[in-house]
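Peer 1:
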Amino acid sequence: MRDSSTMRSFALAGAGLGLVAAIVFASATTGPMFIRFLLLFITPLPIALAGLGWGWRAGALAGGVGSAIVFLTAGPLVALAFALTQVVPMVALTYFALLSRPIHESDDGAEDDGSGLEWYPTGRLILWAAGMGAAMAAASMLLLGGDVESLRKTLGEFMQAAVTAGMPQAEGQIGEAELAALSEIALAVLPAASAMSWMSSLLFNLWLAGRVTRASGQLARPWPDLAAITYPPGTPLAFGAALVLTMLPGIPGLAASAATGGLFVAYVLLGLAVVHYISRTKPWRPFALWALYATLLIVNIWIAIVIAILGLAETVFRLRERSHLPPSPPTHPNT
Numbered sequence: 005m006r007d008s009s010t011m012r013s014f015a016l017a018g019a020g021l022g023l024v025a026a027i028v029f030a031s032a033t034t035g036p037m038f039i040r041f042l043l044l045f046i047t048p049l050p051i052a053l054a055g056l057g058w059g060w061r062a063g064a065l066a067g068g069v070g071s072a073i074v075f076l077t078a079g080p081l082v083a084l085a086f087a088l089t090q091v092v093p094m095v096a097l098t099y100f101a102l103l104s105r106p107i108h109e110s111d112d113g114a115e116d117d118g119s120g121l122e123w124y125p126t127g128r129l130i131l132w133a134a135g136m137g138a139a140m141a142a143a144s145m146l147l148l149g150g151d152v153e154s155l156r157k158t159l160g161e162f163m164q165a166a167v168t169a170g171m172p173q174a175e176g177q178i179g180e181a182e183l184a185a186l187s188e189i190a191l192a193v194l195p196a197a198s199a200m201s202w203m204s205s206l207l208f209n210l211w212l213a214g215r216v217t218r219a220s221g222q223l224a225r226p227w228p229d230l231a232a233i234t235y236p237p238g239t240p241l242a243f244g245a246a247l248v249l250t251m252l253p254g255i256p257g258l259a260a261s262a263a264t265g266g267l268f269v270a271y272v273l274l275g276l277a278v279v280h281y282i283s284r285t286k287p288w289r290p291f292a293l294w295a296l297y298a299t300l301l302i303v304n305i306w307i308a309i310v311i312a313i314l315g316l317a318e319t320v321f322r323l324r325e326r327s328h329l330p331p332s333p334p335t336h337p338n339t
């Protein structure tokens, strides 16, 4: 009886959340630009809810149902884009998030949450999201233009259309030189910005789904200590290599820029983790965190660079270890 009820819950959650994902995705095609961006940003949330709440197979079911609905309403190409950009990355992340193995006595350094299980490291989840964001950004560049010249031309046409739509009175007043300059700026920042946007969407929706499923008693794993995240030792070298490779001409340089954008966000998150960790037990913690996030929201890129440098410094100087603070106590599922 319990198995039948579990399967029914699994099927209803997968199908229902897949329908919601398809509706949100379709809604992102109309309305003001900000609303469209916001809806596209949260499109993976229903799939993340299914994956974290009922297992990655439920997430895959939700993705399959959503893709089928998009296929029937918008055609195969749009359905393929939905599957590759919204379904596959989130199903993979929920699979890794719920991956665990028994802790043995020989597992030095393994963090025991009290259940005797070691869960997939949160830092590696972040790096997976960075890689997926970079891959989607690079693929988007290739779809816009197969080479740099085609991409530059496409961006120029987009800029012209945006200026005409947003400022009709300026039509004819912006010359080819100005449009070319705008296209060059867009070409320089678009790969990294696109990767950061995709990565942020994946991680935000995964985090939000985790909070929702935890609050509802459906999360099947303990809540991780996000302030204690770490990355594999070779990550700084990968970041440095990607940064150097951005100087390559053509598509390889743009792909490296996308990778740099994803890893930059990863180190911003590590820097924020350091601040959260070393401010534990401090009376000024609430004020400091509010001030930090407000500054990050207002100043944005400049404070983000400072925080990323702090994250890079953590890999060298082990700032959290030097603080001599104990790790956060384990939080079990649904507590």
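Numbered according to the numbering used here, the sequence shown terminates at residue 339, and the numbering increases by one at each position without gaps. Every residue, glycine too, gets a C-beta built ideally from N, C-alpha and C.
1. Along the chain, where does the alpha helix (DSSP H) containing residue 125 start, and where does it finish?
2. Short check: CB of residue 133 to CB of residue 195, under 9 Å?
3. Where residue 184 and residue 282 are concerned, what is the direct C-alpha to C-alpha distance, given to the nearest angstrom?
4. Among 326, 158, 30, which has the Cα closest to the Cα of residue 186?
5. Looking at the secondary structure, which residues open and close the alpha helix (DSSP H) in which residue 290 lies?
6. Pick from 144, 55, 239, 328: whose alpha carbon is nearest that of residue 100?
7. Look at the Cβ atom of residue 216, then the Cβ atom of residue 53, and state whether they are nearer than 9 Å.
8. Looking at residue 238 and residue 277, is the spacing between their C-beta atoms short of 9 Å?
9. Express the C-alpha separation of residue 200 and residue 144 in angstroms, rounding to a whole number.
10. Residues in the same chain with beta-carbon distance under 7 Å from residue 11, minus the five sequence neighbours each way, listed in chain order, please.
11. Could you name the residues that DSSP lists as bridge partners for residue 104?
12. Give every residue of the same chain whose Cβ lies closer than 7 Å to the Cβ of residue 345, excluding the five residues on either side of it in the sequence, and list them in chain order.
13. Could you tell me the distance, in whole angstroms, from the CA atom of residue 255 to the CA atom of residue 74?
14. Taking only the alpha-carbon atoms, compute the straight-line gap between residue 182 and residue 249 and give it to the nearest angstrom.
15. Between which two residues does the alpha helix (DSSP H) carrying residue 278 extend?
16. Pull up the distance between the alpha-carbon of residue 21 and that of residue 241, whole angstroms please.
17. Could you tell me whether the Cβ atoms of residue 223 and residue 49 are closer together than 9 Å?
18. Would you call residue 89 buried or exposed, if buried means 16 or more other Cβ atoms sit within 10 Å of its Cβ?
19. On the premise that residue 26 lies in contact with residue 70, defined as a C-beta separation below 8 Å, what is that separation, rounded to the nearest angstrom?
20. Tell me the rounded alpha-carbon separation between residue 232 and residue 259.
Peer 2: In brief:
1. Taken as a continuous stretch (DSSP letters only), residue 125 belongs to no alpha helix (DSSP H), as it is neither H nor E.
2. no
3. 47 Å
4. 158
5. 289-303
6. 55
7. yes
8. no
9. 13 Å
10. none
11. 123
12. Any property of residue 345 remains undetermined from this structure, which presents the chain solely from 5 to 339.
13. 31 Å
14. 28 Å
15. 254-282
16. 40 Å
17. no
18. buried
19. 4 Å
20. 30 Å
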